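**Q** The structure under discussion is supplied below as structure tokens; questions concerning it will follow.
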Amino acid sequence: MSADLFLIGDSHIIALCEAADARGWSWQGGPLGTGMQLEQCFWRQQGTEFVYTGTGENLIGHRFKDLLTFDGPIISTLGFNSHRFAIDFASYAKSRQLAPLPSVLSDQAFADTVRDSRRNALAFYRLLSDHSREVYFTCSPQRVASSLLPVLRAFEDVLIDEVAATGARFIDFRHLALDDHVLRPEFCNAKDQMHGNAKLGGLILDVFEEAQFSIAKTGSLKE
Amino acid sequence: MKSRTPYSELPARQFWRTAVAEPGPFGLQDLHRPKFQISPDHKIITAGSCFAQTLSRALKQRSYTWLDAEPAPPMMLPETARRYNYGIFSTRTGNIYTVALLRQWLDWAFEPETANQETWLGENGRLYDPVRPTVEPEGFADETAFLAAREQTFASLRQAIRTADILLFTLGLTEAWLNRETGMIYQMCPGTQGGEFDPARHELVNYFSDAILRDFEAIMQRLKVENPDIKVILTVSPVSLTATAVPDSHALVANTYTKSTLRSVAGEATRRWKNVDYFPSYELVAAPAMRGMFYNPNQRTISPAGVDFVMRHFFQSYSGSLTAVPGLQAAGMRPASQDDEPVCNEMILDFYNER
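Sequence lines, in order, name chains C and X. When we follow UniProt numbering, the leftmost residue of the first sequence carries the number 1, and every step to the right adds one. When we follow UniProt numbering, the leftmost residue of the second sequence carries the number 1, and every step to the right adds one.
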């Protein structure tokens, strides 16, 4: 029996998987790998089959092979391992004795850097678009040191626009989960300083449901 | 008995027949005796005209310590970095065609309060830097971004000058455009890449050798203060000029004036300063004995084989190495790629020539 939902992404997707489980939703997919691993090319297409080529392909590849023909909404976190970009960018700025701000580069150069760094993720979203899939995506839980927040937010502003340009719809939970740009403690994964928890996953699924309902009302969602 | 003359004891390299005519272009030896050697540990910075870009690349390919004082973010792809002029010269100055422009860059870098803040407005409504209009292909969003980028390059240039063991500067042109009100020297003619040409404000200067030497002397004084141990290698770009703006001048004649003036200045500078050396890249490509074989069909730009030829001599001279560049195919067989195409602002002039 086909699942209702396809969840795919880096480790940030786990919170959504847990929330979907808690709601009893049937879903397919799961985390493909770490954000860092997924910055490399991680897939190829074989006919209509999505072939995962990254780490652990023999173990988890089968979970994703019918992604391109999945007849339902797909939610992805791919590309939004934003903390890594923010940390790398801050390290670059520090090496040049500059503050960790996006203005270290011109706006255009910064945007191109974001596109370059997430070119594989963007290719992935374009692939789904080429196959007319119904795609949703969400951003990171915004959990980085406060000094890195300006870069993280600028990074996500660019990437959200780029992914949305492929036709994917953004699930924006930030106005519901952040205080002064920081994830509220009740949504934080207690086991680490980076991820959100199942409660955050549930919040994201709520926003997703609202978006689906809104789209259904306007009739633009595929039948 | 034959009388002895100063020529009697001269080595073969000092006679045209034995040094040039008989060995032919590929048999040239002992062409240049450097004042100093370069080792892979020496920190080298590059600046100058298009041809200096090829020197940067060759130094990197041979694992010399080419100093990239204003590097691109590691997340940026090489082709993107190149579009934003990262990694082409040691700092993001873009091409520095004249000695006067180099002097201006150094004056501004070490005395930022003297930097002229004129900007050019592009057709896209964004701002361009008149001393390097192509380093930001889409221009700057506003003056704050423009000034921030300037300050970064100034800081990088200061660091590069103070850290380097060797400055490799390629002399390109004698013609430049300046603002007659402020004295600011532009990288290219206003109106070609942003800005608007105004004959009342913009003036063509065709520097003669004394003026170039005065600017070079100012540069040397600056270097003496900031880094007394730095050594300078001058080359003259064999790339011919794209266009001359000197009234009634023919491009071929103007090119001869330009290159001969620069060659003369380089010779005088080498004679005057013991830490300045001249490397004859110009001769290796442009001398009649080379039969023009290293020029592309446009007779202006240099073929990859020509660049390789020059660099082999360069490394032979400064490091005693004749090894080929790793991964380089046989001369003339190198596939064309964007990497091999200098980011040459002069192409913009050509664009207008074709209209």
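We put the CB at the ideal spot given by N, CA and C, even for glycine. Here the structure is a predicted model, which means the values were calculated and not measured.
Using a Cβ-Cβ distance under 8 Å, would Met-76(X) count as near chain C?
**A** Interface residue, yes.
**Q** Which value, in whole angstroms, describes the spacing of the CA atoms of Ser-117(C) and Glu-181(X)?
**A** Their backbone Cα atoms lie some 45 Å apart in a straight line.
**Q** State yes or no: is the beta carbon of Phe-89(C) nearer than 8 Å to at least one beta carbon in chain X?
**A** Closer than 8 Å: yes.
**Q** Just checking, does the stretch 210-222 of chain X make contact with the stretch 91-108 of chain X on the three C-beta pairs under 8 Å criterion?
**A** With a cut-off of 8 Å, the stretch 91-108 of chain X and the stretch 210-222 of chain X count as touching, because enough Cβ pairs lie within range.
**Q** What in chain C is Cβ-close to Ala-145(X), meaning under 8 Å?
**A** Those are Ser-103, Ser-106 and Asp-107, listed as they occur along chain C.
**Q** Measuring alpha carbon to alpha carbon, tell me which of Ala-123(C), Met-194(C) and Ser-129(C) ends up nearest Gln-142(C).
**A** Looking at the Cα atoms, Met-194(C) is the closest of the given residues.
**Q** Contact criterion: CB-CB distance below 8 Å. Does Glu-136(X) meet it with respect to chain C?
**A** Yes, Glu-136(X) counts as interfacial toward chain C.
**Q** Name, in chain order, the residues that DSSP records as bridge partners for Tyr-136(C).
**A** According to DSSP, which records beta bridges pairwise, Tyr-136(C) is partnered with Ile-75(C) and Arg-169(C).
**Q** Of all the CB atoms in chain C, is at least one closer than 8 Å to the CB of Ala-266(X)?
**A** Judged by the 8 Å Cβ criterion, Ala-266(X) is not in contact with chain C.
**Q** Where Ala-287(X) and Pro-238(X) are concerned, what is the direct C-alpha to C-alpha distance, given to the nearest angstrom?
**A** Each residue's Cα considered, the two are about 9 Å apart.
**Q** Go ahead and label Gly-35(C) buried or exposed: buried means 16 or more other beta carbons lie within 10 angstroms of its beta carbon, across all protein chains shown.
**A** Flag for Gly-35(C) reads buried.
**Q** Please classify Phe-15(X): does DSSP put it in a helix, a strand, or coil?
**A** Coil, per DSSP.
**Q** By DSSP, does His-202(X) sit in helix, in strand, or in coil?
**A** Looking at His-202(X) - three-state DSSP - the assignment turns out to be strand.
**Q** Quick test of your reading: Asp-179(C) and Val-207(C), contact by CB under 8 Å. State the CB separation rounded to the nearest angstrom.
**A** Wrong, their Cβ atoms sit about 17 Å apart, outside the cutoff.
**Q** Extract the residue ranges of the alpha helix (DSSP H) inside the stretch 82-144 of chain X, only unbroken runs of 4 or more that lie entirely within it.
**A** Listed in chain order, the complete alpha helix (DSSP H) runs (minimum 4 residues) inside the stretch 82-144 of chain X are 99-110.
**Q** Apart from the five residues on each side of it in sequence, which residues of its chain come closer than 7 Å, Cβ to Cβ, to Gln-329(X)?
**A** Here the model assigns Gln-329(X) a pLDDT of 32, short of 50, so the residue's position is not dependable, and the following value carries that caveat. Cβ within range, chain order: n/a, list empty.
**Q** Around the Cβ of residue 297(C), are there at least 16 other Cβ atoms within 10 angstroms (buried) or fewer (exposed)?
**A** Residue 297(C) is absent from the structure shown; chain C starts at 1 and stops at 223.
**Q** Just checking my contact of Gln-14(X) with Gly-94(X) at CB under 8 Å: how many whole Å lie between their CB atoms?
**A** Actually they do not touch by this definition, with Cβ atoms about 40 Å apart.
**Q** Is the stretch 240-251 of chain X touching the stretch 266-273 of chain X, taking contact as three or more C-beta pairs under 8 Å?
**A** Verdict: no, contact absent.
**Q** Could you check whether the Cβ of Phe-89(X) sits closer than 8 Å to any Cβ belonging to chain C?
**A** No, because no Cβ of chain C sits closer than 8 Å to the Cβ of Phe-89(X).
**Q** In chain order, which alpha helix (DSSP H) runs of at least 4 residues are fully inside the stretch 16-90 of chain X?
**A** Counting whole runs of 4 or more residues, the stretch 16-90 of chain X contains the alpha helix (DSSP H) stretches 50-61 and 78-83.
**Q** Under the DSSP definition of a beta bridge, which residues are partnered with Phe-50(C)?
**A** In the DSSP output, where bridge partners are listed per residue, Phe-50(C) has Gln-45(C).
**Q** With 7 Å as the limit, tell me which residues of the stretch 252-286 of chain X have their beta carbon closer than that to any beta carbon of chain C; keep them in chain order.
**A** Within the stretch 252-286 of chain X, no residue has a Cβ that lies closer than 7 Å to any Cβ of chain C.
**Q** Helix, strand or coil, according to DSSP, for Lys-224(X) in the structure here?
**A** Here Lys-224(X) sits in helix by DSSP.
**Q** Do the stretch 47-64 of chain C and the stretch 80-96 of chain C meet, that is, are 3 or more Cβ pairs less than 8 Å apart?
**A** Because the criterion of three Cβ pairs below 8 Å is not met, the stretch 47-64 of chain C and the stretch 80-96 of chain C do not touch.
**Q** Compare the beta carbon distance of Phe-50(C) and Leu-68(C) with 8 Å and say whether it is the shorter of the two.
**A** Closer than 8 Å, so yes.
**Q** Evaluate contact between the stretch 120-129 of chain X and the stretch 145-163 of chain X, counting only Cβ atoms and requiring at least three cross-stretch pairs below 8 Å.
**A** With the cut-off at 8 Å, the stretch 120-129 of chain X and the stretch 145-163 of chain X touch.
**Q** What are the residues that DSSP puts in a beta bridge with Lys-231(X)?
**A** BP columns for Lys-231(X) point to Ile-166(X).
**Q** Of the residues that make up the stretch 131-147 of chain C, which ones have a beta carbon closer than 8 Å to any beta carbon in chain X?
**A** Of all residues in the stretch 131-147 of chain C, none has a Cβ within less than 8 Å of some Cβ in chain X.
**Q** With 8 Å as the limit, tell me which residues of the stretch 26-52 of chain X have their beta carbon closer than that to any beta carbon of chain C; keep them in chain order.
**A** Answer in chain order: no residues at all.
**Q** Between Tyr-125(C) and chain X, is the shortest Cβ-Cβ distance under 8 Å, so that the two count as touching?
**A** For Tyr-125(C), the answer is no, since every Cβ of chain X falls outside 8 Å of its Cβ.
**Q** Comparing C-alpha positions only, which one of Ile-88(X), Met-76(X), Arg-82(X) and Arg-312(X) sits nearest to Lys-115(C)?
**A** In the sequence as presented, Lys is not what sits at residue 115(C); that position holds Arg. Of the candidates Ile-88(X), Met-76(X), Arg-82(X) and Arg-312(X), the one whose C-alpha sits nearest the C-alpha of Arg-115(C) is Met-76(X).
**Q** By the three-class DSSP mapping on this structure, what secondary structure does Pro-288(X) have?
**A** If DSSP states are grouped into helix, strand and coil, Pro-288(X) belongs with the helices.
**Q** Return the residues of the stretch 64-96 of chain C that lie within a Cβ-Cβ distance of less than 9 Å from chain X, sorted by chain order.
**A** Under the 9 Å Cβ criterion, the stretch 64-96 of chain C contributes Phe-85, Asp-88, Phe-89, Ser-91, Tyr-92, Ala-93, Ser-95 and Arg-96.
**Q** Leaving out five residues before and five after Ala-290(X) in sequence, what residues of the same chain have Cβ atoms less than 6 Å from its Cβ?
**A** Position check: residue 290(X) holds Met in this sequence, whereas Ala was assumed. The residues are Pro-25.
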